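Those protein sequence lines, which keep their order, are chains A and B.
For the first sequence, position 170 (counting from the first letter as 1) is numbered 170 according to my numbering, and the numbering increases by one without interruption.
For the second sequence, position 153 (counting from the first letter as 1) is numbered 153 according to my numbering, and the numbering increases by one without interruption.
Glycine included, every Cβ here is placed at the ideal spot set by N, Cα and C.
Computed from a prediction, not measured in an experiment: that's the story for all the values here.
Below: the structure, in structure tokens.
2 protein chains.
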Amino acid sequence: MAVTEERYFSEAAARLGISQQAVSKRIAMLEKDLGVALLSRTSRGAQLTVDGQAFLPHARKLLRVEARAVAAVRPGRRALRIDVLNHRIGPAALLRNFHRAHPDIELDVVTLIDTDVDTAIAAIRSGAIDASFRAVTAPEQQLRDGVTAARVLDDPHELLTGPTHQLAAARAVTPADLVGHRIWIPGIVPGTEWAAYYDDLAAAFGLTIERVGPNFGTDHLLDMLADSSTLASLTGEQVRLLWPADYDLRRIPVREPTPVYPHSLIWHRDNPHPGLAALRNCIRAMQRHHHDAKTWAPKWAMPHASP
Amino acid sequence: MAVTEERYFSEAAARLGISQQAVSKRIAMLEKDLGVALLSRTSRGAQLTVDGQAFLPHARKLLRVEARAVAAVRPGRRALRIDVLNHRIGPAALLRNFHRAHPDIELDVVTLIDTDVDTAIAAIRSGAIDASFRAVTAPEQQLRDGVTAARVLDDPHELLTGPTHQLAAARAVTPADLVGHRIWIPGIVPGTEWAAYYDDLAAAFGLTIERVGPNFGTDHLLDMLADSSTLASLTGEQVRLLWPADYDLRRIPVREPTPVYPHSLIWHRDNPHPGLAALRNCIRAMQRHHHDAKTWAPKWAMPHASP
DNA sequence: CCCGTCCACAACTGTTGGTTGTGGTTCTTC
DNA sequence: GAAGAACCACAACCAACAGTTGTGGACGGG
């Protein structure tokens, strides 16, 4: 990278604080390991070869990833560690906005796999992560020792169907409309708070929600929905779903009442990380509560609050 | 990574084909460099510390990136190098579909910055890249020595406006409707084939397309549009734009005629890379020509063809 | 043709990543 | 409570490597 930017081995060496010969040896060794020539040497400096051009962006990325890896554990001011269920749901969008507003604050977004809110809270208590976006099922039992939570984002549900589904043409549907329809939400891990949420949702409106089968990924779900006239799924307005342009899936709002998934931010009151305070401020600023629309949330959902 | 998966230093050592002591030294050195403890050693194996948990995913990513870097230049069967203008336009979606269909074929998607179709063709001729998605302005002059092109994707234009724009409520607009409106497309590099395309489009329908200013990124464009009642932009149906959920931008189809951007695939006839043949096959299979709708493309656009 | 510029090779050295041998700690077992 | 097993760390050693300085070959310009 230094050579391509400086054009000369000796300039690159100066920038790196080593000798020209050391640069020569480094590159010769790299080329030997890769088995291809990266630079064509002339008496007027060095030029990237075809393979060098292909390799360079990967080299840059490698250094970026390394820097992030080090930043994630840097003693003193390490990156802010946030847990989200996955990178498509509403809280992930919140985090993207936060990152846009504060690009200087290093984020380390992680996903504690197959875990429920209790595990996340334990991780916050131990300091393994700084914050988590979760639905809190039993606040009074779980929040102790300075672990705090605030309900920050209600994501209204949408019905996801293929073009041939019976409800595909509807502008909106009510929960009652869904009774008797096959609603398939794969990948729900039993025992987690989201499993509890969908259980409560199904019970409240008499729905049948199929949770069978392992999660083969969103792509597989979209595949199934696109072809089926009987199968539908539930997603959230804030959930970022992407599908091939020829798929023609429909996202139909659910209304009267609108079931909302109650995402909370959970953090530790005594955590001194400056990024955490910034995140809470930013979320507070972005919050807009729609108390006008009729919504439904589980009984155990926390009351709305500012983080 | 090996230790966390095997739980014991000695098991990890066996897997790596080195001695237990070497593993011990490696990890001790890594911890010294990072300045934090990654593993807590007990007499019943090793457990990740808090920092170790944070570091592990970065370590995995580092190895993945390294593997991709090596694969990009691996002699014999290196990754397939494709040039696209950016990762949001239609051809990039084509590539995502291709990757979904052929996950085994390693892709190296690159962007030759600020370059026009001639540079891309030269890169293909030299072997720097295997294929490029470009609009070909003067086929008869540019395509020689086995360099071949086929028009593979016509992306219909859409008007992009904020909610307060005069045309925001329209179901569709015609090019004539756009006369006199401010249409802003930042980031067009003069002298490129896309600059030529927008010049021709503006001339054909008497539009005024503002190309001023450097490109501050899509985010900035979306910001400007969201707030403005006079400014609009043009995008493509296949272009993948993402904006914050509270933005409420509108994408309005342009009809009668529909201007389409004529993306071609360019490649070298004699390039033996097996992935290239697969890509051409896949694109051929995905192609669906809509000859029914009235469309407009520049005079110089190639005739439609199968790659 | 000479000279300057640029990169590579040679010889040398300190550091590193591996080896084997051994010892300390911790849990289990009798 | 002592013996044993399992596990990880330290010590000594060695080969390989990444750096150093010194030097030489290739190329292009005046």
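List, in order along the chain, the chain B residues whose C-beta lies closer than 8 Å to that of residue i?
{"i": "residue 62(A)", "result": "62, 65, 66, 69"}
{"i": "residue 7(A)", "result": "Residues of chain B passing the Cβ test: none, with the nearest at roughly 18 Å."}
{"i": "residue 219(A)", "result": "100"}
{"i": "residue 55(A)", "result": "69, 72, 73"}
For residue i and residue j, I'd like the C-alpha separation in whole angstroms.
{"i": "residue 271(A)", "j": "residue 124(A)", "result": "9 Å"}
{"i": "residue 29(B)", "j": "residue 55(A)", "result": "29 Å"}
{"i": "residue 258(B)", "j": "residue 239(B)", "result": "15 Å"}
{"i": "residue 8(B)", "j": "residue 89(A)", "result": "36 Å"}
{"i": "residue 151(B)", "j": "residue 119(A)", "result": "53 Å"}
{"i": "residue 189(A)", "j": "residue 85(A)", "result": "11 Å"}
{"i": "residue 284(A)", "j": "residue 80(A)", "result": "18 Å"}
{"i": "residue 254(A)", "j": "residue 99(B)", "result": "34 Å"}
{"i": "residue 310(B)", "j": "residue 113(B)", "result": "The first residue shown for chain B is 1 and the last is 307, placing residue 310(B) beyond what the model contains."}
{"i": "residue 108(B)", "j": "residue 273(B)", "result": "13 Å"}
{"i": "residue 249(A)", "j": "residue 137(A)", "result": "32 Å"}
{"i": "residue 232(B)", "j": "residue 140(A)", "result": "51 Å"}
{"i": "residue 87(B)", "j": "residue 237(B)", "result": "14 Å"}
{"i": "residue 302(A)", "j": "residue 135(A)", "result": "8 Å"}
{"i": "residue 97(A)", "j": "residue 279(A)", "result": "10 Å"}
{"i": "residue 197(B)", "j": "residue 235(B)", "result": "13 Å"}
{"i": "residue 15(A)", "j": "residue 78(A)", "result": "27 Å"}
{"i": "residue 42(B)", "j": "residue 74(A)", "result": "24 Å"}
{"i": "residue 53(B)", "j": "residue 153(A)", "result": "27 Å"}
{"i": "residue 164(B)", "j": "residue 229(B)", "result": "5 Å"}
{"i": "residue 176(A)", "j": "residue 194(B)", "result": "51 Å"}
{"i": "residue 311(B)", "j": "residue 111(B)", "result": "Look at the range of chain B in this structure, 1 to 307, and you will see that residue 311(B) is not part of it."}
{"i": "residue 82(A)", "j": "residue 142(A)", "result": "19 Å"}
{"i": "residue 191(A)", "j": "residue 167(B)", "result": "50 Å"}
{"i": "residue 262(B)", "j": "residue 300(B)", "result": "10 Å"}
{"i": "residue 256(A)", "j": "residue 203(A)", "result": "17 Å"}
{"i": "residue 227(A)", "j": "residue 220(A)", "result": "11 Å"}
{"i": "residue 65(A)", "j": "residue 128(A)", "result": "21 Å"}
{"i": "residue 71(B)", "j": "residue 133(A)", "result": "37 Å"}
Any Cβ of chain A within less than 8 Å of the Cβ of residue i?
{"i": "residue 98(B)", "result": "no"}
{"i": "residue 126(B)", "result": "yes"}
{"i": "residue 35(B)", "result": "yes"}
{"i": "residue 81(B)", "result": "yes"}
Pull up the DSSP beta-bridge partners for residue i, would you.
{"i": "residue 263(B)", "result": "153(B)"}
{"i": "residue 208(B)", "result": "For residue 208(B), which the question treats as bridged, DSSP gives no partner whatsoever."}
{"i": "residue 131(B)", "result": "82(B), 267(B)"}
{"i": "residue 45(A)", "result": "42(A)"}
{"i": "residue 304(A)", "result": "151(A)"}
{"i": "residue 182(A)", "result": "231(A)"}
{"i": "residue 108(A)", "result": "81(A)"}
{"i": "residue 161(B)", "result": "232(B), 250(B)"}
{"i": "residue 36(B)", "result": "Beta-bridge pairing links residue 36(B) to no other residue."}
{"i": "residue 295(A)", "result": "258(A)"}
{"i": "residue 173(A)", "result": "254(A)"}
Kindly examine the ligand HEM and report whether one of its heavy atoms sits closer than 7 Å to the Cβ of residue i.
{"i": "residue 35(B)", "result": "By its list of ligands, the structure shown contains no ligand whatsoever, and the ligand HEM lies outside what it can speak to."}
Contact criterion: CB-CB distance below 8 Å. Does residue i meet it with respect to chain B?
{"i": "residue 239(A)", "result": "no"}
{"i": "residue 154(A)", "result": "no"}
{"i": "residue 108(A)", "result": "yes"}
{"i": "residue 51(A)", "result": "yes"}
{"i": "residue 58(A)", "result": "yes"}
Determine the chain B residues that contact residue i at a beta-carbon separation under 9 Å, and present them in chain order.
{"i": "residue 162(A)", "result": "Per Cβ cutoff of 9 Å: no residues; residue 162(A) is ~18 Å from chain B at best."}
Taking Cβ-Cβ distances shorter than 7 Å, what residues in chain B pair up with residue i?
{"i": "residue 131(A)", "result": "Within 7 Å Cβ-Cβ: nothing; residue 131(A) doesn't reach chain B, min ~13 Å."}
**Item:** Three or more C-beta pairs below 8 Å linking the region 181 to 192 of chain B and the region 209 to 226 of chain B
**Value:** The region 181 to 192 of chain B is in contact with the region 209 to 226 of chain B.
**Request:** Tell me, please, whether the region 44 to 61 of chain A touches the region 22 to 38 of chain B by the rule of three or more beta-carbon pairs shorter than 8 Å.
**Result:** no
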